[in-house]
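Here is the structure we will look at.
Number of protein chains: 2
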Amino acid sequence: MSARRTSPPEVYLPPSEDIPFNPRVPGIDYGVLDRLLGYAVRRAQIVQYELFIAGLARWNITPPRFSAMVIISRNPDLKLTELADVLGIARSGAVALINSLEGMGYVRRVPCPTDKRALGLQLTDQGRADLQAITEAVDESDRRGAQALTEAEQAQLLALLAKIAGSGASA
Amino acid sequence: MSARRTSPPEVYLPPSEDIPFNPRVPGIDYGVLDRLLGYAVRRAQIVQYELFIAGLARWNITPPRFSAMVIISRNPDLKLTELADVLGIARSGAVALINSLEGMGYVRRVPCPTDKRALGLQLTDQGRADLQAITEAVDESDRRGAQALTEAEQAQLLALLAKIAGSGASA
DNA sequence: TATTGTTATACTCTATAACTATA
DNA sequence: TATAGTTATAGAGTATAACAATA
Numbered sequence: 000m001s002a003r004r005t006s007p008p009e010v011y012l013p014p015s016e017d018i019p020f021n022p023r024v025p026g027i028d029y030g031v032l033d034r035l036l037g038y039a040v041r042r043a044q045i046v047q048y049e050l051f052i053a054g055l056a057r058w059n060i061t062p063p064r065f066s067a068m069v070i071i072s073r074n075p076d077l078k079l080t081e082l083a084d085v086l087g088i089a090r091s092g093a094v095a096l097i098n099s100l101e102g103m104g105y106v107r108r109v110p111c112p113t114d115k116r117a118l119g120l121q122l123t124d125q126g127r128a129d130l131q132a133i134t135e136a137v138d139e140s141d142r143r144g145a146q147a148l149t150e151a152e153q154a155q156l157l158a159l160l161a162k163i164a165g166s167g168a169s170a
Numbered sequence: 000m001s002a003r004r005t006s007p008p009e010v011y012l013p014p015s016e017d018i019p020f021n022p023r024v025p026g027i028d029y030g031v032l033d034r035l036l037g038y039a040v041r042r043a044q045i046v047q048y049e050l051f052i053a054g055l056a057r058w059n060i061t062p063p064r065f066s067a068m069v070i071i072s073r074n075p076d077l078k079l080t081e082l083a084d085v086l087g088i089a090r091s092g093a094v095a096l097i098n099s100l101e102g103m104g105y106v107r108r109v110p111c112p113t114d115k116r117a118l119g120l121q122l123t124d125q126g127r128a129d130l131q132a133i134t135e136a137v138d139e140s141d142r143r144g145a146q147a148l149t150e151a152e153q154a155q156l157l158a159l160l161a162k163i164a165g166s167g168a169s170a
């Protein structure tokens with residue numbers, strides 16, 4: 000009993016032999032699962048994630064990588080520990096994440112002038128450029144994931160999700 | 000570049016040094032993430048999962064284990080391959096899942112009369128009994144996750160999530 | 001003493017592929 | 001030939017703990 004987790008892992012490479020996840024297999028009785036909010040969120044997350052992977056395959060970009068790039072681009076000289084906090088992962092995980100993005104030529108570590116222990120994270124020119132195209136692809140797959148909803152419903156859903164996310168944080 | 004995935008993994012053990020996930024760290028600019036449905040779902044899922052783990056710690060029950068037990072209890076003599084399909088995991092993963100539930104004394108493999116290759120899955124008496132208490136704990140943590148919402152909002156959220164989950168499946 | 005980034009280690013989950021025994 | 005369950009193997013992600021450098 001070790002390797003305890005605070006957040007569910009998230010990795011992602013394209014589908015394969017398996018047909019895409021079917022959130023409601025015909026003839027199956029889901030019992031309580033059908034009325035649990037947690038299961039509904041999980042179902043939706045799997046579908047969203049599959050769309051993300053399908054749309055971002057050519058970039059080799061996973062959700063955590065995309066999130067990290069966005070956070071870094073919007074928050075200049077963010078420290079590695081802060082990034083870990085924002086993403087909800089351990090510092091060692093953030094190191095691995097940054098290593099991969101650095102290997103892709105998207106992120107750069109720069110020394111911090113005021114604290115010699117720390118380092119600032121920045122997007123490279125290529126990272127900044129590709130993030131634009133990547134963001135367009137993400138937007139596209141996000142739109143596909145929401146296509147069953149009207150504009151009003153999408154706004155509603157976003158608001159409701161923010162509410163339940165926020166409630167858990169303060170608890 | 001191998002070990003391709005069709006669904007995000009899901010494990011779960013109780014939190015630790017790390018404070019719980021904060022879906023909106025003060026002073027951080029989330030950029031596009033704040034308007035992406037996929038990120039909102041992911042944020043909510045992390046919080047829901049943390050509540051699940053906290054509430055089910057004493058049972059050593061994870062979301063996949065709970066889902067499997069419910070599906071097995073509601074669908075008599077479900078085959079292992081069918082369970083894998085419902086949960087959206089590979090057959091080898093279903094074997095491991097059933098092994099763990101069998102080790103806990105909750106699930107039993109029974110030979111299938113009509114097909115000697117296949118086996119039916121059943122809850123043991125203990126599994127059936129404990130599932131009741133476990134379901135109550137799950138209901139409790141689910142309620143806590145939804146406490147920021149009114150009854151009407153909860154129903155609305157459930158319906159909207161079901162819509163976006165369903166849209167992805169048929170695509 | 002506490003914190004930053006790092007490394008080493010272990011664990012869980014997942015997928016692929018091959019195997020067997022049936023169909 | 002195809003399918004059901006199993007096993008073996010590998011890969012990705014996460015966590016913990018310890019470390020050196022710095023605060």
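Protein chains in written order, with numbering that gives the first Met the number 0: chain X, 0 to 170; chain E, 0 to 170. Glycine is no exception: its CB is placed at the ideal position from the N, C-alpha and C atoms. In this text the structure is predicted, and so the values were computed from the model without any measurement.
(1) Mind checking if Thr-134(X) is an interface residue toward chain E, Cβ cutoff 7 Å exclusive?
(2) Keeping to the same chain, check which residues put their C-beta closer than 7 Å to that of Ala-89(X); ignore five residues upstream and five downstream.
(3) Between Pro-25(X), Asp-138(X), Arg-107(X), Ser-99(X), which lies nearest to Ile-71(X) when the distance is taken from Cα to Cα?
(4) Could you tell me whether the Cβ of Leu-157(E) comes closer than 7 Å to any Cβ of chain X?
(5) Return no unless some Cβ of chain X is closer than 7 Å to the Cβ of Val-94(E).
(6) Tell me which same chain residues have a C-beta within less than 7 Å of the C-beta of Val-31(X), skipping the five on either side of it?
(7) Would you check if the stretch 154–163 of chain E and the stretch 32–48 of chain X touch, i.e. whether three or more CB-CB distances between them fall below 8 Å?
(8) So with Cβ pairs under 7 Å, would you call Tyr-42(E) a contact of chain X?
(9) In whole angstroms, give me the CA-to-CA distance for Ala-132(X) and Leu-77(E).
(10) Quick check: what's the CA-CA separation for Ile-52(E) versus Thr-80(X)?
(11) When the cut-off is 7 Å and only beta carbons count, does Leu-120(X) lie next to chain E?
(12) Using DSSP with H/G/I as helix, E/B as strand and the rest coil, what is Arg-41(E)?
(13) Just the Cα atoms here: how many angstroms apart are Asn-98(E) and Trp-58(E)?
(14) Would you verify that the beta carbon of Ile-163(E) is, or is not, closer than 7 Å to some beta carbon of chain X?
(15) Jot down the residue ranges of each uninterrupted alpha helix (DSSP H) in the stretch 22–110 of chain E, minimum 4 residues, whole runs only, in chain order.
(16) What does Gly-25(X) touch in chain E if you count any residue whose Cβ is under 9 Å from its own?
(17) List, in chain order, every chain E residue whose beta-carbon is nearer than 8 Å to that of Ala-39(X).
(18) Below 7 Å between beta carbons: does that hold for Lys-162(X) and Ala-147(E)?
(19) Who are Leu-122(E)'s beta bridge partners in DSSP?
(20) Kindly list the residues whose CB is nearer than 8 Å to the CB of Leu-122(X), restricted to its own chain and excluding five residues on each side of it in sequence; keep chain order.
(21) For Val-46(E), would you say it is in contact with chain X, using Cβ-to-Cβ distances shorter than 7 Å as the test?
(22) Apply the 10 Å Cβ neighbour rule to Ser-15(E) and answer buried if 16 or more other Cβ atoms are within range, or exposed otherwise.
(23) Could you confirm whether any beta carbon from chain E is found closer than 7 Å to the beta carbon of Ala-145(X)?
(24) What did DSSP end up calling Asp-114(X) once you bin it into helix, strand or coil?
(25) Return the CA-CA distance between Ala-93(X) and Asn-74(X), expressed in angstroms with no decimal places.
(26) Is the beta carbon of Val-46(E) less than 7 Å from the beta carbon of Gln-47(X)?
(27) Report the neighbours of Gly-30(E) on chain X: residues whose CB is nearer than 8 Å to its CB, in chain order.
(28) In angstroms, rounded to a whole number, what distance separates the CA positions of Glu-49(E) and Pro-19(E)?
(29) Mind listing the chain X neighbours of Ser-66(E)? Cutoff is C-beta to C-beta under 8 Å, in chain order.
(30) Between the beta-carbon of Leu-100(X) and the beta-carbon of Pro-110(X), is there less than 7 Å?
(31) Any beta carbon from chain X within less than 7 Å of Pro-22(E)'s own beta carbon?
(32) Suppose contacts are defined by Cβ-Cβ distances below 7 Å. Is Ala-164(X) in contact with Pro-25(E) by that definition?
(33) Would you please verify whether the beta carbon of Gly-54(E) is less than 7 Å from any beta carbon of chain X?
(34) Got a sec: is the Cβ-Cβ distance from Asp-228(X) to anything in chain E below 7 Å?
With the given structure in hand:
(1) Position 135 of the first sequence, counting from 1, holds the residue named residue 134(X). Answer yes: the Cβ-Cβ gap between Thr-134(X) and chain E drops below 7 Å somewhere.
(2) In the first sequence, the residue the question calls residue 89(X) occupies position 90. Cβ neighbours of Ala-89(X) within its own chain (closer than 7 Å, five residues either side excluded): Ala-83.
(3) Taking the first sequence and counting its residues from 1, the one referred to as residue 71(X) is at position 72. Just measuring C-alpha positions, the residue of Pro-25(X), Asp-138(X), Arg-107(X), Ser-99(X) sitting nearest Ile-71(X) is Arg-107(X).
(4) Position 158 of the second sequence, counted from the start, is the residue given in the question as residue 157(E). Leu-157(E) counts as touching chain X.
(5) Walking along the second sequence from the start, residue 94(E) turns up at place 95. Answer no: the Cβ-Cβ gap between Val-94(E) and chain X never drops below 7 Å.
(6) The residue labelled residue 31(X) in the question sits at position 32 within the first sequence. There are no such residues.
(7) Yes, the stretch 32–48 of chain X touches the stretch 154–163 of chain E.
(8) Translated into the one-based positions of the second sequence, residue 42(E) becomes position 43. In the sequence on display, residue 42(E) carries Arg and not Tyr. Using a Cβ-Cβ cut-off of 7 Å, Arg-42(E) counts as an interface residue toward chain X, since at least one Cβ of chain X sits closer than that to its own.
(9) Translated into the one-based positions of the first sequence, residue 132(X) becomes position 133. Translated into the one-based positions of the second sequence, residue 77(E) becomes position 78. Using only the alpha carbons, I get a separation of about 45 Å.
(10) The residue labelled residue 52(E) in the question sits at position 53 within the second sequence. The residue labelled residue 80(X) in the question sits at position 81 within the first sequence. Going from the Cα of Ile-52(E) to the Cα of Thr-80(X) covers about 25 Å.
(11) As a position in the first sequence, residue 120(X) is number 121, starting the count at 1. False, the Cβ-Cβ gap to chain E never drops below 7 Å.
(12) Reading the second sequence from its first residue, position 42 is the one you call residue 41(E). Here Arg-41(E) sits in helix by DSSP.
(13) On the second sequence, residue 98(E) is found 99 positions in, with the first residue counted as 1. On the second sequence, residue 58(E) is found 59 positions in, with the first residue counted as 1. Straight-line Cα distance between these residues: approximately 17 Å.
(14) The sequence position of residue 163(E) within the second sequence is 164, counting from 1. Among the residues facing chain X, Ile-163(E) is included, as its CB has a counterpart in that chain under 7 Å away.
(15) Complete alpha helix (DSSP H) runs here, min 4: 36–55, 62–73, 79–86, 90–102.
(16) The sequence position of residue 25(X) within the first sequence is 26, counting from 1. Note that residue 25(X) is Pro in the sequence shown, not Gly. The premise fails here: Pro-25(X) is roughly 11 Å from chain E at the closest Cβ pair, so nothing lies under 9 Å.
(17) Within the first sequence, the letter at position 40 stands for residue 39(X). In chain order: Leu-156, Leu-157, Leu-160, Ala-161, Ala-164.
(18) Here residue 162(X) refers to the residue found at position 163 of the first sequence. Here residue 147(E) refers to the residue found at position 148 of the second sequence. Yes. Within cutoff.
(19) Position 123 of the second sequence, counted from the start, is the residue given in the question as residue 122(E). Under DSSP, the beta-bridge partners assigned to Leu-122(E) are Val-106(E).
(20) Within the first sequence, numbered from 1, the residue matching residue 122(X) stands at position 123. Met-68, Ile-71, Ser-72, Tyr-105, Val-106, Arg-107, Leu-130, listed in sequence order.
(21) Here residue 46(E) refers to the residue found at position 47 when the second sequence is read from its first residue. At a cut-off of 7 Å between C-beta atoms, Val-46(E) counts as an interface residue with respect to chain X.
(22) To locate residue 15(E), count along the second sequence from 1; it is residue 16. Since pLDDT at Ser-15(E) reaches only 39, below the 50 mark, its modelled position is unreliable, and no value is offered.
(23) The sequence position of residue 145(X) within the first sequence is 146, counting from 1. Yes - at least one Cβ of chain E is within 7 Å of the one on Ala-145(X).
(24) Position 115 of the first sequence, counted from the start, is the residue given in the question as residue 114(X). Note: Asp-114(X) maps to coil in three-state DSSP.
(25) Start at 1 with the first residue of the first sequence, and residue 93(X) comes out as number 94. Start at 1 with the first residue of the first sequence, and residue 74(X) comes out as number 75. In this model, Ala-93(X) and Asn-74(X) are separated by some 16 Å (Cα to Cα).
(26) Residue 46(E) sits at position 47 when you count from the first residue of the second sequence. Residue 47(X) sits at position 48 when you count from the first residue of the first sequence. Their beta carbons are not under 7 Å apart, which means Val-46(E) does not touch Gln-47(X) by this criterion.
(27) On the second sequence, position 31 is the one that residue 30(E) refers to. Within chain X, the residues near Gly-30(E) are Val-69, Ile-70, Ser-72, Arg-73.
(28) Numbered from its first residue, the second sequence carries residue 49(E) at position 50. Numbered from its first residue, the second sequence carries residue 19(E) at position 20. Annotation: Glu-49(E) to Pro-19(E) spans about 8 Å, alpha carbon to alpha carbon.
(29) Taking the first residue of the second sequence as position 1, residue 66(E) is located at position 67. Chain X residues near Ser-66(E): Leu-32, Tyr-38.
(30) Residue 100(X) sits at position 101 when you count from the first residue of the first sequence. Residue 110(X) sits at position 111 when you count from the first residue of the first sequence. Not closer than 7 Å, so no.
(31) Locating residue 22(E) in the second sequence gives position 23, where the first residue counts as 1. Interface residue, yes.
(32) Position 165 of the first sequence holds residue 164(X). Position 26 of the second sequence holds residue 25(E). No, these two residues do not count as a Cβ contact at 7 Å.
(33) Locating residue 54(E) in the second sequence gives position 55, counting from the first residue. It does not: the Cβ of Gly-54(E) has no partner Cβ on chain X nearer than 7 Å.
(34) Because chain X here runs from 0 to 170, residue 228(X) falls outside it and cannot be looked at.
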